[in-house]
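Asks: Those protein sequences? They're chains H and G, same order as listed.
If you read the first sequence in the working numbering, its first letter stands for residue 26, the second for the next number, and so on.
If you read the second sequence in the working numbering, its first letter stands for residue 26, the second for the next number, and so on.
Don't be surprised by glycine CBs; every beta carbon is placed ideally from N, CA and C.
It should be emphasised that the depicted structure is a prediction, and the values quoted were computed from it without experimental measurement.
Number of protein chains: 2
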Amino acid sequence: MPAMPATKSNQPVIPQTGLDARLAIRNGEWTGPTSGMAPGYVQGNLAILPAKVASDFMRFCQLNPKPCPVLAAGAPGDPHLPSLGADLDIRTDLCRYKVFRNGELIDEPTDLMKHWRDDLVIFALGCSFSFEDALMQDGIELRHITNSTTVPMYRTSIETTAAGPFHGPLVVSMRPLKPADAIRAIQITTRFPAVHGAPVHIGMPESIGIKDIMKPEYGDPPQINPGEIPVFWACGVTPQSVVATVKPEFCITHYPGCMLVTDRKNSEYAIM
Amino acid sequence: MPAMPATKSNQPVIPQTGLDARLAIRNGEWTGPTSGMAPGYVQGNLAILPAKVASDFMRFCQLNPKPCPVLAAGAPGDPHLPSLGADLDIRTDLCRYKVFRNGELIDEPTDLMKHWRDDLVIFALGCSFSFEDALMQDGIELRHITNSTTVPMYRTSIETTAAGPFHGPLVVSMRPLKPADAIRAIQITTRFPAVHGAPVHIGMPESIGIKDIMKPEYGDPPQINPGEIPVFWACGVTPQSVVATVKPEFCITHYPGCMLVTDRKNSEYAIM
Numbered sequence: 026m027p028a029m030p031a032t033k034s035n036q037p038v039i040p041q042t043g044l045d046a047r048l049a050i051r052n053g054e055w056t057g058p059t060s061g062m063a064p065g066y067v068q069g070n071l072a073i074l075p076a077k078v079a080s081d082f083m084r085f086c087q088l089n090p091k092p093c094p095v096l097a098a099g100a101p102g103d104p105h106l107p108s109l110g111a112d113l114d115i116r117t118d119l120c121r122y123k124v125f126r127n128g129e130l131i132d133e134p135t136d137l138m139k140h141w142r143d144d145l146v147i148f149a150l151g152c153s154f155s156f157e158d159a160l161m162q163d164g165i166e167l168r169h170i171t172n173s174t175t176v177p178m179y180r181t182s183i184e185t186t187a188a189g190p191f192h193g194p195l196v197v198s199m200r201p202l203k204p205a206d207a208i209r210a211i212q213i214t215t216r217f218p219a220v221h222g223a224p225v226h227i228g229m230p231e232s233i234g235i236k237d238i239m240k241p242e243y244g245d246p247p248q249i250n251p252g253e254i255p256v257f258w259a260c261g262v263t264p265q266s267v268v269a270t271v272k273p274e275f276c277i278t279h280y281p282g283c284m285l286v287t288d289r290k291n292s293e294y295a296i297m
Numbered sequence: 026m027p028a029m030p031a032t033k034s035n036q037p038v039i040p041q042t043g044l045d046a047r048l049a050i051r052n053g054e055w056t057g058p059t060s061g062m063a064p065g066y067v068q069g070n071l072a073i074l075p076a077k078v079a080s081d082f083m084r085f086c087q088l089n090p091k092p093c094p095v096l097a098a099g100a101p102g103d104p105h106l107p108s109l110g111a112d113l114d115i116r117t118d119l120c121r122y123k124v125f126r127n128g129e130l131i132d133e134p135t136d137l138m139k140h141w142r143d144d145l146v147i148f149a150l151g152c153s154f155s156f157e158d159a160l161m162q163d164g165i166e167l168r169h170i171t172n173s174t175t176v177p178m179y180r181t182s183i184e185t186t187a188a189g190p191f192h193g194p195l196v197v198s199m200r201p202l203k204p205a206d207a208i209r210a211i212q213i214t215t216r217f218p219a220v221h222g223a224p225v226h227i228g229m230p231e232s233i234g235i236k237d238i239m240k241p242e243y244g245d246p247p248q249i250n251p252g253e254i255p256v257f258w259a260c261g262v263t264p265q266s267v268v269a270t271v272k273p274e275f276c277i278t279h280y281p282g283c284m285l286v287t288d289r290k291n292s293e294y295a296i297m
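(1) What residue range does the alpha helix (DSSP H) around Ser-182 of chain H cover?
(2) Taking a Cβ distance cut-off of 9 Å, strictly less, list which residues of the stretch 211 to 227 of chain H are near chain G, in chain order.
(3) Could you confirm whether any beta carbon from chain G is found closer than 9 Å to the beta carbon of Pro-341 of chain H?
(4) Determine, using beta carbons only, whether Ile-208 of chain G comes closer than 9 Å to chain H.
(5) In terms of residue numbering, what span does the alpha helix (DSSP H) encompassing Glu-157 of chain H cover?
(6) Beta-carbon within less than 6 Å of Ser-108 of chain G's beta-carbon, same chain only, minus the 5 sequence neighbours each way: which residues are those?
(7) Are the CB atoms of Pro-241 of chain H and Tyr-280 of chain H nearer to each other than 9 Å?
(8) Taking only three categories from DSSP, how would you classify Phe-82 of chain G?
(9) Would Ile-50 of chain H count as contacting chain G if we go by Cβ distances under 9 Å?
(10) Quick one: does Ile-165 of chain H have its CB under 9 Å from some CB of chain G?
(11) Measuring CB to CB, does Phe-125 of chain H end up less than 9 Å from Phe-275 of chain H?
(12) Return the chain-ordered list of same chain residues with a C-beta closer than 7 Å to the C-beta of Ala-210 of chain G, the five sequence neighbours on each side being excluded.
(13) Taking Arg-121 of chain G as the reference, give the member of G:Asp-245, G:Met-83, G:Asp-132 and G:His-226 with the closest Cα.
(14) Between the C-alpha atoms of Pro-27 of chain H and His-221 of chain H, what's the straight-line distance to the nearest angstrom?
(15) Taking Cβ-Cβ distances shorter than 7 Å, what residues in chain G pair up with Gly-252 of chain H?
(16) Could you say if the stretch 36 to 51 of chain G and the stretch 230 to 244 of chain G meet the contact criterion of at least three C-beta pairs nearer than 8 Å?
(17) Assuming the contact rule is C-beta atoms closer than 8 Å, Gly-196 of chain G and Pro-92 of chain G should be a hit. Round their C-beta distance to whole Å, please.
(18) Can you tell me whether Ile-296 of chain H is buried or exposed? The criterion is at least 16 other CB atoms within 10 Å of its CB, across all chains shown.
(19) Taking the continuous beta strand (DSSP E) assigned at Thr-135 of chain G, which residues delimit it?
(20) Glu-54 of chain H: which of H:Ser-60, H:Gly-61 and H:Ala-46 sits nearest, CA to CA?
(21) Give me the Cα-Cα distance between Gly-99 of chain G and Pro-204 of chain H, rounded to the nearest whole angstrom.
(22) On the DSSP bridge assignment, give the partners of Tyr-122 of chain H in chain order.
(23) Consider the Cβ of Met-62 of chain G: report whether some Cβ of chain H lies at a distance smaller than 9 Å.
(24) Is Thr-287 of chain H helix, strand or coil by DSSP?
(25) Look at Cys-283 of chain H and Ser-198 of chain H and say whether their C-beta atoms are less than 9 Å apart.
(26) Let me see if you follow: with CB-CB separation under 9 Å, is Met-297 of chain G close to chain H or not?
(27) Assuming Val-267 of chain H and His-192 of chain H make a contact with CB atoms under 8 Å, what is their CB distance in whole Å?
(28) Nearest to Arg-84 of chain H by alpha carbon, out of H:Gly-189, H:Ala-49 and H:Leu-285?
(29) Between the beta-carbon of Ser-155 of chain H and the beta-carbon of Tyr-243 of chain H, is there less than 9 Å?
(30) When DSSP labels each residue in this structure, what does Ser-60 of chain G get in the three-state scheme?
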């Protein structure tokens, strides 16, 4: 397995637009996580599947828009997503990828040139970075960012709506908030249905099948202060977890933290 | 003290518009609570104060828009509020009133003809009926309505912002909701800032000074089912409670349940 990519702190100049971010990545000048790059620009989760299963996956996303908000889907074999960036080439524009064959991780390359096939379909899915940006602009503290940890994520007892082979539990991310901030966060994220939208649950983890809030299935254990309630959003790990269950013959995702940086602004996705 | 007005069930024809409702009341054909009259039309809380304190009260309302959303304010001595109804006459158009002198209840008349003064200023304030209508239209169960009880209301440790002599604690109403309904209710009521708007608190009554959720200061004790969280909205009892504290030389309010029925539709007050 390749070494962790270099972190942002090793890199002096932070690209300020989506295009600059992709060029820096494409040219090998930026190899690390994309958090903090191109502030205000939408970053997306990536899933690439063979055409054979892609239409079922597309239907799965449309049936489950909160965990799987489709920002763009490609034509079979087409590595471009012009609606997210005129020059965007999915094969070179992410820092690092994960490549799976029959559910097994076979490579973590920095480009997809040797893996690309003419039946592959790209899915770019909205990511919580966008709504977190809106929350922080409103002055709401996000604990995992304050603490430089990964947001805690939990497998719930809520089932997604199945499509073809794709099915499985909803995965949620959790942010502890003071009640007044939770209300404000619901208002703000409601404006962003394309990037997970409003929370799916507040306050009662046990009622959505979370047995121990301090033991997330993904990410780091939370720090919940007195007077805070847990607020749960549908999470982009849901489609990854669902795809992993299906074990498709071939599949590519982004490497954790190494997102697709687009030319679209977060604010463009606000519905009002 | 006069007897309770007749209830709706004694009255065969329910007026369907604000104007019809006011005419029925004005003509003495309707003497009871206004809940259920003129479905879809805005009903308001009423406060009438001498001009001497009215500008402080207006400022108090503007500083505290969640508990005190002003639908309309009259000119001194003018008993009409044309923006809420062309023919509206506040002296005759409510079923019953409460009249206070120096904070003491002196009368509960069915019209204000003998109490009207040419220095009186009318305040019509938004009421939770409007947002409850929107919640029920969305299929959200409101327990106090299911149970035919009065919504529980609590004095909180949250202070309103003072203006002149007007100051005092925020009073909130509480509706127990399933977490997903609570999120939806926040979305819906956010659209109605003119009728209390989004909740002010969820989930942690003790953190806003409510010691025993089963002992509301006003209304009936709640029925909270397992898996429900308490959701708190700013309440129109706040200005009444504040005015009662100030004990103005003269003051008139609506009789509980006997609201001002207007020609405006609830839907007009949705901001989107």
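Replies: By the coordinates alone:
(1) Residue mapping note: residue 182 of chain H aligns to position 157 of the first sequence, counting from 1. Bounds of any alpha helix (DSSP H) do not take in Ser-182 of chain H; it lies within the beta strand (DSSP E) bounded by 178 to 184.
(2) Result list: Ile-211, Gln-212, Thr-215, Ala-223, Pro-224, Val-225, His-226 and Ile-227.
(3) Only positions 26 to 297 of chain H appear in the structure, and residue 341 of chain H is not among them; the question remains open.
(4) By one-based count along the second sequence, residue 208 of chain G stands at place 183. Flagged as an interface residue toward chain H: Ile-208 of chain G, by a C-beta distance shorter than 9 Å.
(5) Here residue 157 of chain H is taken as the residue at index 132 of the first sequence, counted from 1. Segment 153 to 162, the alpha helix (DSSP H) holding Glu-157 of chain H.
(6) Locating residue 108 of chain G in the second sequence gives position 83, counting from the first residue. So the list reads Ala-97, once near-sequence residues are dropped.
(7) Residue numbering aside, residue 241 of chain H sits at position 216 when the first sequence is read from its first letter. Residue numbering aside, residue 280 of chain H sits at position 255 when the first sequence is read from its first letter. Cβ atoms of Pro-241 of chain H and Tyr-280 of chain H: not closer than 9 Å.
(8) Your numbering for residue 82 of chain G matches position 57 in the second sequence. Of the three classes helix, strand and coil, the one that applies to Phe-82 of chain G here is helix, per DSSP.
(9) Position 25 of the first sequence, counted from the first residue, corresponds to residue 50 of chain H. It does not: the Cβ of Ile-50 of chain H has no partner Cβ on chain G nearer than 9 Å.
(10) Along the first sequence, one-based indexing puts residue 165 of chain H at 140. Between Ile-165 of chain H and chain G, the shortest Cβ-Cβ separation is not below 9 Å.
(11) Locating residue 125 of chain H in the first sequence gives position 100, where the first residue counts as 1. Locating residue 275 of chain H in the first sequence gives position 250, where the first residue counts as 1. Note that the C-beta distance between Phe-125 of chain H and Phe-275 of chain H is below 9 Å.
(12) Indexing the second sequence from 1 puts residue 210 of chain G at position 185. Excluding residues up to 5 positions away in sequence, Leu-160, Ile-165, Leu-202 and Val-256 lie with their Cβ nearer than 7 Å to the Cβ of Ala-210 of chain G in the same chain.
(13) One-based indexing of the second sequence puts residue 121 of chain G at position 96. If we check each option's Cα against that of Arg-121 of chain G, G:Asp-132 comes out closest.
(14) By one-based count along the first sequence, residue 27 of chain H stands at place 2. By one-based count along the first sequence, residue 221 of chain H stands at place 196. Low local confidence applies: a pLDDT of 40 at Pro-27 of chain H is under 50, so the model's placement there is unreliable, with the coordinate-based value given in what follows. Just so you know, the alpha carbons of Pro-27 of chain H and His-221 of chain H end up roughly 31 Å apart.
(15) As a working mapping, residue 252 of chain H is identified with position 227 in the first sequence. Near Gly-252 of chain H (Cβ distances below 7 Å), the residues of chain G are Met-229 and Ser-232.
(16) The answer is no - the stretch 230 to 244 of chain G does not touch the stretch 36 to 51 of chain G, with fewer than three Cβ pairs under 8 Å.
(17) In the second sequence, residue 196 of chain G corresponds to position 171, counting from 1. In the second sequence, residue 92 of chain G corresponds to position 67, counting from 1. Sequence inspection shows Val at residue 196 of chain G; the Gly mentioned does not correspond to that position. So it is a contact: roughly 7 Å between Cβ atoms.
(18) For the purposes of this step, residue 296 of chain H is taken as residue 271 along the first sequence, with counting starting at 1. Taking all protein chains shown into account, Ile-296 of chain H has fewer than 16 neighbouring C-beta atoms within 10 Å of its C-beta and is therefore exposed.
(19) On the second sequence, residue 135 of chain G is found 110 positions in, with the first residue counted as 1. Segment: none, Thr-135 of chain G is in no beta strand (DSSP E) and carries neither H nor E.
(20) If you number the first sequence from 1, residue 54 of chain H lands on position 29. Out of H:Ser-60, H:Gly-61 and H:Ala-46, H:Ala-46 has the C-alpha closest to the C-alpha of Glu-54 of chain H.
(21) In the second sequence, counting from the first residue as 1, residue 99 of chain G sits at position 74. In the first sequence, counting from the first residue as 1, residue 204 of chain H sits at position 179. Taking the straight line from one Cα to the other gives about 37 Å.
(22) To locate residue 122 of chain H, count along the first sequence from 1; it is residue 97. Residue pairing by DSSP places Tyr-122 of chain H opposite H:His-279 in a beta bridge.
(23) Here residue 62 of chain G refers to the residue found at position 37 of the second sequence. Answer no: the Cβ-Cβ gap between Met-62 of chain G and chain H never drops below 9 Å.
(24) For the purposes of this step, residue 287 of chain H is taken as residue 262 along the first sequence, with counting starting at 1. When secondary structure is reduced to three states using DSSP, Thr-287 of chain H falls in the strand class.
(25) Against the first sequence, residue 283 of chain H aligns to sequence position 258. Against the first sequence, residue 198 of chain H aligns to sequence position 173. No, the pair does not count as a contact, with Cβ atoms beyond the cut-off.
(26) Start at 1 with the first residue of the second sequence, and residue 297 of chain G comes out as number 272. Output row for Met-297 of chain G: interface = yes.
(27) Position 242 of the first sequence, counted from the first residue, corresponds to residue 267 of chain H. Position 167 of the first sequence, counted from the first residue, corresponds to residue 192 of chain H. Separation of the CB atoms of Val-267 of chain H and His-192 of chain H is rounded to 7 Å, and the pair is thereby assigned contact status at 8 Å.
(28) Locating residue 84 of chain H in the first sequence gives position 59, counting from the first residue. Nearest in C-alpha terms to Arg-84 of chain H, of all of H:Gly-189, H:Ala-49 and H:Leu-285, is H:Gly-189.
(29) As a working note, residue 155 of chain H is residue 130 in the first sequence. As a working note, residue 243 of chain H is residue 218 in the first sequence. The answer is no: Cβ separation not under 9 Å.
(30) The residue labelled residue 60 of chain G in the question sits at position 35 within the second sequence. In this structure, Ser-60 of chain G counts as coil in the three-state DSSP scheme.
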